[in-house]
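A.B. asks: Could you have a look at this structure, given as structure tokens, before my questions?
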Amino acid sequence: MAKSPKRKTKANSKFSPSIQQPRRIAIAIMAAGKGTRLKSKHPKVLHEVGGKPILAHVIATAVKVVPPRDVFVIIGHEAERVRAAMAGTGVNFVLQAEQRGTGHALMVAREALSSSGNKYHQVIVLSGDAPLITAETIRKLSEFHHAQKAAMTLLSADLDSPYGYGRVIRKGPRGGAEVQAIVEEKSATPQQKKIREINSGFYAFDAPALYEHIDRLSTANAHGEYYLTDMAGVLHRAHKKVVAIKTDDAGEVLGSNTRAEMMMLDARMRLAKCRELLEAGVTIFYPHTCVIDSDVEVGADTVIEPFVQLLGKTKIGEDCRIRSYSVIGNSVLGDGVTVKPGTIMEDSRVGAGAVLGPYTHMRPGSEVGEGAHLGNFVETKKIKLGKGSKANHLSYLGDAEIGEGVNIGAGTITCNYDGVNKHKTVIEDGVFVGSDSTLVAPVKIGRGAYVAAASCITEDVPADALALGRARQSVKEGWARAKRENRR
Ligand code: UD1
Ligand code: CA
Numbered sequence: 007m008a009k010s011p012k013r014k015t016k017a018n019s020k021f022s023p024s025i026q027q028p029r030r031i032a033i034a035i036m037a038a039g040k041g042t043r044l045k046s047k048h049p050k051v052l053h054e055v056g057g058k059p060i061l062a063h064v065i066a067t068a069v070k071v072v073p074p075r076d077v078f079v080i081i082g083h084e085a086e087r088v089r090a091a092m093a094g095t096g097v098n099f100v101l102q103a104e105q106r107g108t109g110h111a112l113m114v115a116r117e118a119l120s121s122s123g124n125k126y127h128q129v130i131v132l133s134g135d136a137p138l139i140t141a142e143t144i145r146k147l148s149e150f151h152h153a154q155k156a157a158m159t160l161l162s163a164d165l166d167s168p169y170g171y172g173r174v175i176r177k178g179p180r181g182g183a184e185v186q187a188i189v190e191e192k193s194a195t196p197q198q199k200k201i202r203e204i205n206s207g208f209y210a211f212d213a214p215a216l217y218e219h220i221d222r223l224s225t226a227n228a229h230g231e232y233y234l235t236d237m238a239g240v241l242h243r244a245h246k247k248v249v250a251i252k253t254d255d256a257g258e259v260l261g262s263n264t265r266a267e268m269m270m271l272d273a274r275m276r277l278a279k280c281r282e283l284l285e286a287g288v289t290i291f292y293p294h295t296c297v298i299d300s301d302v303e304v305g306a307d308t309v310i311e312p313f314v315q316l317l318g319k320t321k322i323g324e325d326c327r328i329r330s331y332s333v334i335g336n337s338v339l340g341d342g343v344t345v346k347p348g349t350i351m352e353d354s355r356v357g358a359g360a361v362l363g364p365y366t367h368m369r370p371g372s373e374v375g376e377g378a379h380l381g382n383f384v385e386t387k388k389i390k391l392g393k394g395s396k397a398n399h400l401s402y403l404g405d406a407e408i409g410e411g412v413n414i415g416a417g418t419i420t421c422n423y424d425g426v427n428k429h430k431t432v433i434e435d436g437v438f439v440g441s442d443s444t445l446v447a448p449v450k451i452g453r454g455a456y457v458a459a460a461s462c463i464t465e466d467v468p469a470d471a472l473a474l475g476r477a478r479q480s481v482k483e484g485w486a487r488a489k490r491e492n493r494r
């Protein structure tokens, strides 16, 4: 539509050139390393903090800044495992078959980041082992880099104990934000080791400048690796602008090279999660005793007692009370649910107002209706329990469809397994199952029927019937007395 040249001119004068021709930004995440210092058979980036792999946190943050198609994860050590664990995120993967350093990781990504098909203006580099970085900080880094017209911008931080990190060598008092070089711990002079400003391992690069000069990196250093950090010196010597921007929150850049560092990240992340929930109206007593994963959601006015674990994608409604020692994984609870101490729940759903525990074990596929009760030592697996139904004591309910208003007596067992196959038990609305009954599946108890206590039910029970499945009691008068007297 070449219709309105007038409007076009107006727009041109109003918008900055970067908006006319959008800056194309890619994010590269370095995640190929082995993590030797962990002494683990699992790749470093798949170790979990805050309840999910470290790399999953970094990817989740990256895709808040650019769309997944512009995110490139560089994988190498156990590449297929890492790729499989991150499948479904929609990001790209670049294989660094041999891990020859962080500089080498970016060399390997050249094709992906600067081929004719993929011309990015800016490449933001994140470390796959530093999961606390926020989208806001990445955006600040990117904006600062752009405003400075720099070839390389590194995110730095002042740390009280900078040991192990690369140190930032500034250009001098009149250099402004400019940087001369980064020196790694192993190559630093005693004087340089005193520098508290560290390289966080997060960078923004001008993509053409990076790939024009990256081949100047060498392996002449303590580890015999291509250090991406050396790009600072390389670009500086080529009279390109290298600058640093300091984070406000040094905690954001912490990496996880050792188990001890990972533990610290995990603690930070979980405490931050608790703060976020407190902020949202959830009460958490002794938050440092609770383990709440990053993706968990909890409604306002819910109370979480000490030593509770809420894991995975668990979602808890409002006005619930989760009592101590309960472990709830990947489950959804409605409003006003009471979970008494020691309840364990996996992949289950619970309706509003239900009461569970103490010591209820809900295995995957348990669905509990509104206002239903499951009490002590009741184990469930793949069941539907209708509205207001109760199984309060010592039962196993597996592969069962239980209607509304059903009363399951103490010690009831659904015999769902014949040694080869699993079978289903159907208990219709309003049924009363007496204590210590065994229901041998496949079997159906019709609406409103009664099962007498201690029955073994092997055949269907029609609606409104009474089923007795036990031996008739016999009484021998005086038998006990006679036995006692004989003994004397
Ligand atoms: C790096 C920086 C250091 C900085 C620190 C911040 C270098 C040389 N040093 O050190 O200045 O202070 O991060 O945390 O970059 N990786 C690859 N391919 C490789 C090697 C590493 O993808 O060939 C990945 C790792 O999986 C990791 C990241 O790059 O996620 C950083 O590597 P790591 O070995 O942890 O570097 P640091 O020693 O922490
Ligand atoms: Ca690291």
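Under the working numbering, the residues of the sequence shown are numbered 7 to 494, in order.
C-beta: ideal position from N, C-alpha, C; glycine also.
Remember, predicted model here, so these are calculated numbers, not experimental data.
#1: Is residue 135 a contact residue of ligand 2, with contact defined as CB to any heavy atom under 7 Å?
#2: Quick check: is any heavy atom of ligand 2 less than 7 Å from the C-beta of residue 207?
#3: For ligand 1, I want to know if residue 198 counts as a neighbour, meaning its beta carbon is within less than 7 Å of at least one of the ligand's heavy atoms.
#4: Tell me the DSSP bridge mates of residue 128?
#5: Under 8 Å Cβ to Cβ from residue 469, same chain only, skipping five residues before and after it: list those, please.
#6: Which word fits residue 169, buried or exposed, when buried means at least 16 other C-beta atoms lie within 10 angstroms of its C-beta?
#7: The alpha helix (DSSP H) that contains residue 109, what's its start and end?
#8: Less than 8 Å between the beta carbons of residue 112 and residue 216, yes or no?
#9: Taking the alpha-carbon positions, what's the residue 13 to residue 35 distance?
#10: Using DSSP with H/G/I as helix, E/B as strand and the rest coil, what is residue 196?
#11: Taking all protein chains shown into account, do 16 or more other C-beta atoms lie within 10 angstroms of the C-beta of residue 422, making it buried, or fewer, making it exposed?
#12: Going by DSSP in three states, residue 300 sits in which element: helix, strand or coil?
#13: Consult DSSP for residue 488 and reduce its assignment to one of helix, strand or coil.
#14: Going straight from the alpha carbon of residue 354 to that of residue 315, what length do you get?
#15: Check whether the Cβ atoms of residue 486 and residue 476 lie closer than 8 Å to each other.
#16: Sorry if obvious, but does the Cβ on residue 287 come closer than 7 Å to a heavy atom of ligand 1?
#17: For residue 224, write down the residues that DSSP places opposite it in a beta bridge.
#18: Keeping to the same chain, check which residues put their C-beta closer than 6 Å to that of residue 46; ignore five residues upstream and five downstream.
#19: Using 10 angstroms around the beta-carbon of residue 205, count the other beta-carbons present and answer buried if the total reaches 16, otherwise exposed.
#20: In three-state terms, what does DSSP make of residue 240?
#21: Measuring CA to CA, which of 252, 283, 253 and 261 is closest to residue 133?
#22: Quick one, are the C-beta atoms of residue 378 and residue 363 less than 8 Å apart?
#23: Do residue 496 and residue 449 have their CB atoms nearer than 8 Å?
#24: What alpha helix (DSSP H) runs, 4 residues minimum, are completely inside the region 68-103?
#25: Suppose the cutoff is 8 Å on Cβ atoms and the five residues either side in sequence are ignored; what does the same chain contact list for residue 116 look like?
#26: Hey, is residue 194 close to ligand 1, as in C-beta under 7 Å from one of its heavy atoms?
#27: Can you tell me where the alpha helix (DSSP H) with residue 267 in it begins and where it stops?
#28: When you compare only the Cα positions, how much space is there between residue 120 and residue 213?
#29: Under 8 Å, do residue 406 and residue 366 count as touching if we go by C-beta distance?
#30: Flag residue 126 as yes when its Cβ comes closer than 7 Å to any non-hydrogen atom of ligand 1, and as no otherwise.
#31: Examine ligand 2 and report whether any of its heavy atoms sits within less than 7 Å of the Cβ of residue 261.
#32: Mind checking if residue 435 is an interface residue toward chain D, Cβ cutoff 8 Å exclusive?
#33: Should residue 59 be labelled buried (16 or more other beta-carbon atoms within 10 Å of its own) or exposed?
#34: For residue 173, which of helix, strand or coil comes out of DSSP?
#35: Under 8 Å, do residue 286 and residue 306 count as touching if we go by C-beta distance?
#36: Thinking just about the alpha-carbon of each residue, which of 382, 173 and 196 is nearest to the one in residue 558?
C.D. replies: Concretely, from the data shown:
#1: yes
#2: Result yes, Cβ under 7 Å from ligand 2.
#3: No.
#4: 31 and 212
#5: Excluding residues within five positions, the ones whose Cβ falls inside 8 Å are 434, 452, 453, 454 and 455.
#6: Exposed, by the Cβ-count rule.
#7: 108-114
#8: In this structure, residue 112 places its C-beta atom within 8 Å of the C-beta atom of residue 216.
#9: Because residue 13 sits at a pLDDT of 47, beneath the cut-off of 50, its placement in the model cannot be relied upon, and the following sentence gives the value as read from the coordinates. C-alpha separation (whole angstroms): 41 Å.
#10: helix
#11: Of the other Cβ atoms in all chains shown, 16 or more fall within 10 Å of the Cβ of residue 422; this residue is therefore buried.
#12: Looking at residue 300 - three-state DSSP - the assignment turns out to be coil, as it is neither helix nor strand.
#13: Reduced to three states, the DSSP call for residue 488 is helix.
#14: 15 Å
#15: no
#16: In this structure, residue 287 has its beta carbon at no less than 7 Å from each heavy atom of ligand 1.
#17: The partner list for residue 224 (beta bridge, DSSP) is empty, contrary to what the question assumes.
#18: none
#19: Buried, since its Cβ has 16 or more Cβ neighbours within 10 Å.
#20: helix
#21: 261
#22: Not closer than 8 Å, so no.
#23: This structure gives no information on residue 496, because the portion of the chain shown stretches from 7 to 494.
#24: 85-92
#25: 217 and 220
#26: no
#27: 265-285
#28: 7 Å
#29: no
#30: no
#31: yes
#32: Reference to chain D is not applicable here, since this structure consists of a single protein chain.
#33: Its Cβ being crowded by 16 or more others within 10 Å, residue 59 is buried.
#34: Strand at residue 173.
#35: yes
#36: Not covered by the structure: residue 558. The range shown for the chain is 7 to 494.
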